[in-house]
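Since the structure comes first, as structure tokens, the remarks are kept for the end.
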Amino acid sequence: MMKQLLFYTALFLCFISDAQTLMNRDSLLKLLPTVKEDSAGVEFYINLGQQYESNEPELAKYYYKKAGDISEKINYKAGVVRYIFNYTFVLNLQARYDSGLVLNQQSVAIARTLKDPVLLGKALFNTGTSYRQLARYEEAAKYYEEGRKLFADIGDSFLSAQGGDILQLMYFNIEDYDKAIEYGEAAVKYLRTVDEPVWLGTALNNLGLSYIKKRMFNKAEQVYQETVKIGERINHVEMQASAMVNLADVHLQKGEYEKLKPFFEKAIVLNKQIQSDDGLAISYRGMAVYHFFRKEFDIAKDYALQSYIITDTNNLVTEKQQTMQTLSSIYFALHDTKTGYDYLRAADVLADSILSDKIRKNALDLEAKYQSEQKELRIQKLESDKQIQQLTIDRKNTLNYILIGSAAALLIISLLSYRNYKHKQNLQLRRINELETEKQLAATEAVLKGEEQERTRLAKDLHDGLGGMLSGIKYSMNTMKGNLIMTPDNAQAFERSMDMLDSSIKEMRRVAHNLMPEALVKFGLDTALKDFCNDIHQSGALNVTYQSVGLQGKEPDQTTAITIFRIVQELLNNTLKHAAAKNAIVQLNRTDDQLSVTVEDDGKGFNTDVLQQSGGIGWSNIQNRVEFMKGTLDVQSAEGKGTSVHIEINL
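Per our numbering, the very first residue in the sequence shown carries number 9; after that it's consecutive.
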């Protein structure tokens, strides 16, 4: 089952684009201020863009667009066509096939006016590739055949080899793998004789897809290893990423699960570099499969969820459906059957939706084909009654097929609609549960805010009210001391009273400080926690070490800061009361969007199972505060081995 969760990824370099000219980027950038708005400037920006297309695609698109703008401005039509060739090459890498099709159709229209068969042939092949990537194979075949005829007429062997590589993918898509291998091997044979590493790597990578389908795994592994070497030699990241995923798939098909990890890890790094969403989603899902077979289900879940987020964000429906199936298997393995069934049902619904779209598309294609046939029949002159009769019968049969197909499609769509309706009901129930949870969180937030407000009020009352009164009493007693004549015993009793009054003032200030630390309000969380830990350390009750990373200049908001301070305060109080510890460590680590808190001690530890039945107010407050911030809480402890509490909060 898990083998079906991976998709083959082809290196779709199938645009007949300009040959990439590898140059020194720094040298080109130095010339940038001198570029003029003429045909040479167009050539410069295209060359500059080619240096970035495999590593920084957005920057490559920017320079290609500059070339297109200049070409439009000076009415340089060949420049416009070349801009489209290169720009759509990057769109293709980013799986933006609809946008590429629109631009490629424009390039064909412009190229037909230029009387340049090579330029027109390239535009035709590019457009055919856009149709093929959108699974519109009949339109693709029409453009490919016209382009191939042009290349044959001018006798260009290199363009013919490029066409052979494209045709091998065409036959791969329609599952004629023998034909695909025939075209692919012929293309590779010629490309080995010329210095065109990009096209050779492309043809090898695509040839490997057909080898896998024919279970010729040794040949597939050989061509992918050669593809990786070519990609590394010319620094072509997209080529390396594709070959890495396909090498992993070879081992997966052979059942060599232990060999998957290095390929998918490398593929993740490479796909991040080129910002390939579908490649990154496949690579993360591959890592999930690897850890699944190693029974490391929690790690597998993390990778699968990363894949799901990418597919959901970028509407990669096919990859999303595969990833949801993977998540379903993982949750079942974790014995979380509810979540497993949720993902399984969602995957089934999405699969039905994909099937429904295909059915609707096929129905529309049948209708368009029927209308086209009808139009041809009307313009033809029938020579005999027999021909008329036969054509009428054929027409009726075609109509019957369409009606039967439409009825079947309607029935399937109705069934899918019913399933979608039931699925929406389930989603509504889940939404109700989410709203109830949000309501509980809102109530918790109100309680916590009320608690902090009351702490603040009490702290001010103690400091400004009782503190002022005690200070006044001390001042009055000091004044009295100078005006009274006391016996030695009375003087000693008076001094004890003054000491007790000083102790009371210090204790009142300590209580007020704990209720609302002044450092927290004035200087932020980092300083407040440092002072709090130092106070405990200096008291001698516990040796506390405080460490923070990434908080300089990135203090969290006050609500979050107060909540975290209270959590750390409660955890250290628990350590002082119950742990019999000598040392404790408090660590805060902030990244861009996450804050982690760790409190550890070397105390006597405890059995963490008791936390499930614990009714203590302190521990309950910690849990409520973590839930309020939608964080995660992990407690690791054992008797005699100390305690470690780790909290992660998304900011």
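Heads up, the beta-carbon is just placed ideally off N, CA and C, and yes, glycines get one too.
Here the structure is a predicted model, which is why all the values come from computation and not from measurement.
Using DSSP with H/G/I as helix, E/B as strand and the rest coil, what is residue i?
i, result
"Thr640", "strand"
"Glu190", "helix"
"Glu154", "helix"
"His244", "coil"
"Gly648", "coil"
"His654", "strand"
"Ala376", "A caution first: Ala376 carries a pLDDT of 47, below 50, which makes its placement in the model unreliable, though a value can still be read off. Here Ala376 sits in helix by DSSP."
"Gln4", "Given that the chain is displayed from residue 9 to residue 659, the structure contains no residue 4 and the question cannot be resolved."
"Ser628", "helix"
"Lys404", "helix"
"Ser35", "helix"
"Asp203", "coil"
"Ser284", "coil"
"Lys44", "coil"
"Gly209", "helix"
"Arg504", "helix"
"Ile238", "helix"
"Gly172", "helix"
"Lys262", "coil"
"Asp617", "coil"
Could you check whether residue j and residue i sit closer than 8 Å to each other, using their CB atoms as the reference points?
i, j, result
"Ala289", "Ile318", "yes"
"Glu608", "Gly650", "yes"
"Tyr349", "Met332", "no"
"Gln276", "Leu101", "Reading off the sequence shown, one finds Ile at residue 276, where the question assumed Gln. Cβ atoms of Ile276 and Leu101: not closer than 8 Å."
"Arg598", "Gly626", "no"
"Tyr53", "Ala75", "yes"
"Tyr191", "Tyr179", "yes"
"Ile82", "Asp46", "yes"
"Ser62", "Glu246", "yes"
"Gly108", "Leu99", "yes"
"Ile338", "Lys303", "no"
"Gly239", "Gly209", "yes"
"Arg353", "His431", "yes"
"Tyr554", "Val594", "yes"
"Leu175", "Tyr151", "no"
"Ala251", "Tyr232", "yes"
Let me see if you follow: with CB-CB separation under 8 Å, is residue i close to chain D or not?
i, result
"Asp642", "Chain labels in this structure do not include chain D; a single protein chain is all it has."
Determine the burial state of residue i: buried for a count of at least 16 other Cβ atoms within 10 Å of its Cβ, exposed for fewer.
i, result
"Asp186", "exposed"
"Gly163", "exposed"
"Ser547", "exposed"
"Leu278", "buried"
"Ser422", "exposed"
"Arg293", "buried"
"Leu215", "buried"
"Gly561", "exposed"
"Ser426", "At residue 426 the sequence reads Tyr, which differs from the Ser that was named. Exposed, since its Cβ has fewer than 16 Cβ neighbours within 10 Å."
"Asn615", "exposed"
"Arg241", "exposed"
"Pro270", "exposed"
"Thr201", "exposed"
"Glu183", "exposed"
"Asp203", "exposed"
"Lys130", "buried"
"Met494", "exposed"
"Ile412", "exposed"
"Lys377", "Because the pLDDT at Lys377 is just 48, under 50, the model does not fix this residue reliably, and the point stays unresolved."
When you compare each of the options to residue i by their alpha carbons, which one comes out closest?
i, options, result
"Val605", "Asn658, Gly626, Ser645", "Asn658"
"Ala194", "Ser165, Asn243, Phe636, Gly294", "Ser165"
"Leu596", "Glu656, Arg33, Asn134, Lys274", "Glu656"
"Thr571", "Lys538, Asn629, Lys366", "Asn629"
"Asp642", "Thr568, Ser652, Ser556", "Ser652"
"Ala149", "Gly136, Leu584, Leu158", "Gly136"
"Ile118", "Tyr145, Glu80, Lys222, Glu146", "Glu80"
"Asp507", "Lys530, Leu528, Ile481", "Ile481"
"Val43", "Arg104, Ile78, Glu64, Gln59", "Ile78"
"Asn226", "His244, Ala256, Tyr151", "Ala256"
"Asn322", "Ala103, Lys612, Asp617", "Ala103"
"Val110", "Ala569, Gln433, Val89", "Val89"
"His244", "Glu266, Asn213, Ser218", "Asn213"
"Asp565", "Asn55, Asn581, Asp543, Gly532", "Gly532"
"Gln577", "Leu528, Asp600, Gly613, Gly87", "Leu528"
"His545", "Lys590, Asp534, Leu579", "Lys590"
Under the criterion of a Cβ to heavy atom distance below 7 Å, does residue i qualify as lining the ligand COA?
i, result
"Leu352", "Although the ligand COA was asked about, the structure shown includes no ligands whatsoever."
Can you list, in chain order, the stretches of the alpha helix (DSSP H) that have 4 or more residues and sit fully within the region 287 to 364?
Here the runs fully enclosed are 305 to 321, 325 to 341.
With a floor of 3 residues, list each beta strand (DSSP E) that falls wholly inside the region 534 to 613, ordered by position along the chain.
Fully contained in the region 534 to 613 are the following beta strand (DSSP E) runs of length 3 or more, in chain order: 551 to 557, 591 to 598, 602 to 609.
Going residue by residue through the region 80 to 165, where are the continuous alpha helix (DSSP H) segments of at least 4 residues, counting only ones entirely within it?
Counting only runs of 4 or more, we get 85 to 101, 105 to 119, 125 to 141, 145 to 162.
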